[in-house]
Amino acid sequence: MILSPSFYRQEDVVQIARSLLGKVLVTKVEGSYTSGIIVETEAYEGITDKASHAFGGRRTSRTEIMYENGGVAYVYLCYGIHHLFNVITHTKGVPHAVLIRAIEPLKGLEIMLKRRHKLLLKPTLTNGPGVLSQALGITTKLNGKSLQGADLFIEDIGISLLPENIVATTRVGVAYAGKDALLPYRFYIQGNAFVGKAKGL
DNA sequence: CAAACGATTTTCT
DNA sequence: GAAAATCGTTTGG
């Protein structure tokens, strides 16, 4: 079943980040469906989190979407090269977000391989926030889109994880955030081959 | 209006 | 292991 708006509007963004593990992110871009099981996430706790774009309540044209009601996508370009996909959570006015860092390919494998210019299925196909967006065809065109749409949603396919299989640790690439960089806001499925290994492990 | 800077990935040494 | 690639957003003049 597709995750409902009420799922995204829970108050605890860290709990949502944990809950998204094992769910399936589905996109339909240029007529083709692609999907993958979410195996790694990071929580960005709004105005109190120095690593968040909305830290201190900053509102700019880019971050405005973060203040929307939970259940929309926040996609932005990083390093001029990579599109990073986030889920906006909590209610209107509270800029919480969850970054999807890695997925395990599920459907549309051929299309994902083609988009990534690969021939074989390897973890590098979708094991980072930039590359999974490329594989799923996610670009800034999806910024602000509802996660209830026919071409972008997250569904629960009945995967349940044991607590001991969920690892909580520090986030990646946010050293500039000072003590907030030490918060255990990153979650991943223990032992999954598609969890990012590029950094910090 | 000009300049600096990334919630990263790939490639070269 | 180190460095380049690359551009929209943000910040300062």
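For the first sequence, numbering that gives the first Met the number 0 begins at 0 and goes up steadily by one.
Idealized CB from N, CA, C, for every residue including glycine.
Note that the structure is a prediction, hence the values are computed from the model and not measured.
- Assignment of beta-bridge partners to N85 by DSSP yields Y73, L98.
- Residue pairing of P122 in beta bridges, as defined by DSSP: absent, with no partner found.
- In the assembly as shown, T59 is an exposed residue. Its beta-carbon has fewer than 16 other beta-carbons within 10 Å.
- Judged by DSSP secondary structure, Y7 falls within the alpha helix (DSSP H) whose first and last residues are 4 to 7.
- Pairing L146 with R17, the inter-Cα distance amounts to about 18 Å.
- In the pairwise beta carbon analysis, the segment 42 to 50 is classified as not touching the segment 108 to 126: fewer than three pairs are separated by under 8 Å.
- If you check the CB distance, T169 and H82 do not come in under 7 Å.
- Contact between F186 and I1 does not hold, since the beta-carbon distance rounds to 21 Å and is not under 8 Å.
- Of the residues Y73, I99, Q9, the one whose Cα lies closest to the Cα of V171 is I99.
- About 5 Å separates the beta carbon of A180 from that of V173, a gap short enough to meet the 8 Å contact definition.
- When the five nearest sequence neighbours on each side are left out, the beta carbons in the same chain lying within less than 7 Å of the beta carbon of I156 are those of V23, in order along the chain.
- About 5 Å separates the CB atoms of Y43 and A96; that is less than 8 Å, so the two are in contact.
- Only buried fits A72, as 16 or more other CB atoms lie within 10 angstroms of its CB.
- Inter-residue distance for K144 and V28 is about 13 Å (C-alpha atoms, whole angstroms).
- Closest in C-alpha terms to P104, from the list S3, V12, P4, F193, comes F193.
- Membership of S132 in the alpha helix (DSSP H) is indicated by the continuous run 128 to 135.
- Assigned with DSSP and collapsed to three states, S145 falls in strand.
- In this structure, the CA atom of L119 is about 44 Å from the CA atom of G55.
- Beta-bridge annotation (DSSP): R185 is paired with E41, T168.
- Residue pairing from DSSP leaves T138 without any beta-bridge partner.
- The Cβ-Cβ distance between T88 and I36 does not fall below 7 Å.
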